[in-house]
Amino acid sequence: MEKGLQNENLSIVVNSFGGALSSIRDKEGTEYLWQGDKKYWSGQAPVLFPICGSLRGDRAMIGDGKETCMPRHGIVRKKEFVLEKADGEEIVYSIAADESTLAQYPYDFKLSISYRLSGKTIEIKYTVENRGDVVMPCFLGAHPGFNCPLTDDTVYEDYYLEFEQAEDCTAAVNHPDTGLVDRQSRQPFLQGTNRLPLDYKYFAVDAVTLDRLKSRRVRLATEKHNKGIEVDFADFPYLILWSTANKSPFIALEPWSGLSTCTDEGDVFEEKADVSLIEPLGKKEFKLRISIL
-7 MEKGLQNENL SIVVNSFGGA LSSIRDKEGT EYLWQGDKKY WSGQAPVLFP ICGSLRGDRA
53 MIGDGKETCM PRHGIVRKKE FVLEKADGEE IVYSIAADES TLAQYPYDFK LSISYRLSGK
113 TIEIKYTVEN RGDVVMPCFL GAHPGFNCPL TDDTVYEDYY LEFEQAEDCT AAVNHPDTGL
173 VDRQSRQPFL QGTNRLPLDY KYFAVDAVTL DRLKSRRVRL ATEKHNKGIE VDFADFPYLI
233 LWSTANKSPF IALEPWSGLS TCTDEGDVFE EKADVSLIEP LGKKEFKLRI SIL
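Just so it is clear: in the sequence shown, position 86 is 78 by this note's numbering, and no numbers are missing.
Structure follows, in structure tokens:
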């Protein structure tokens, strides 16, 4: 089931499968969101919960002596969400714990995702509720892929990422064979600049994990025309950049609240860096803004 919103600047479609965006179009009809192609990546903009990335061996100890076992990016991205609201101003989808999720993640949660339009901006709010009687550890991430190129008369290499601030940062080394992140091993990345010309070489091995970024906004743009995307991820400490090694026509800009298990971390879920610990009957919100230029 799909529901849409539109205003004078843009229109969006949100799918009940995964509760995720499936289309972002401007008033000229340009599609900004990657539409999925199994040759490259069949996804579009999955929601990552209660982990971002991977656990070591897909397992970790959690809670009072329990073990969690879940695949990369968690347990909700391939599930049907319930439509709670669609009134022309806001779309809200939600998913709650059930027998199948409890077998993987032993907490009584509810995840609600709200979508609103304001001018040229999509305002997204993720609300994680702990409906149980014990502290609930979790992470949340967004994984939107954007068409690149955006027009038929441009190519991938015509585009660049422009960060909010000039950066001097390195990227953590990823190990795609295990899914782990090595924060102690670093690769040079942005050095005294806020602009990164796109090049598939960055994704020859895996995604780029930016865990020391100062900027909380990033733009996808080109000098060839005025169309582009800006992502404001103030509530997320990490940004992952990803495209596929077979030269896929998209770039994923992924704000995450946490990372895959790192090589210097153990296998206790609650001890992972930047874990959110939500008190019984409490909740935590994460906000994300995606704008067309």
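Positions of the beta carbon are idealized from the N, C-alpha and C atoms, including for glycine.
Cβ-based burial, residue i [other Cβ within 10 Å; buried from 16]
| i | result |
| --- | --- |
| Gln179 | exposed |
| Val260 | exposed |
| Thr201 | buried |
| Thr143 | exposed |
| Leu94 | exposed |
| Asn(-1) | exposed |
| Gln36 | buried |
| Asn218 | exposed |
Residue i vs residue j beta-carbon contact at 8 Å
| i | j | result |
| --- | --- | --- |
| Tyr194 | Lys239 | no |
| Tyr85 | Ser14 | no |
| Leu188 | Phe138 | no |
| Ser235 | Phe228 | no |
| Arg108 | Glu76 | no |
Beta bridge counterpart(s) of residue i as assigned by DSSP
| i | result |
| --- | --- |
| Ile116 | Tyr107 and Leu280 |
| His217 | None; His217 has no bridge partner. |
| Leu202 | Leu231 |
| Ile83 | Ala78 and Tyr107 |
| Cys161 | Leu182 |
Cβ-based neighbour list, residue i, same chain, cut-off 6 Å, excluding 5 preceding and 5 following
| i | result |
| --- | --- |
| Asp18 | Leu2 and Ile284 |
| Val5 | Glu(-6), Gly(-4), Ser14 and Ser15 |
| Cys44 | Phe131, Gly133, Trp248 and Gly250 |
| Phe155 | Asn186, Ser207 and Val210 |
Nearest-angstrom Cα separation, counted from residue j out to residue i
| i | j | result |
| --- | --- | --- |
| Asn186 | Gly49 | 36 Å |
| Ile97 | Ile114 | Contrary to the premise, residue 97 reads as Tyr rather than Ile in this sequence. Those two C-alpha atoms are separated by around 30 Å. |
| Val127 | Arg175 | 27 Å |
| Tyr118 | Phe41 | 10 Å |
| Lys102 | Asp198 | 32 Å |
| Pro272 | Glu91 | 20 Å |
| Asp56 | Ala265 | 19 Å |
Neighbourhood of residue i by C-beta, 8 Å cutoff - its chain only, sequence neighbours within 5 removed
| i | result |
| --- | --- |
| Glu59 | Arg51, Ala52 and Met53 |
Same chain only: Cβ atoms within 7 Å of residue i, ignoring 5 sequence neighbours per side
| i | result |
| --- | --- |
| Gln157 | Asn186, Lys206 and Ser207 |
| Arg64 | Gly45, Ser46 and Gly171 |
The ligand PLP heavy atom lying under 7 Å from the CB of residue i
| i | result |
| --- | --- |
| Val197 | Looking at this structure, you won't find the ligand PLP or any other ligand, since it has none at all. |
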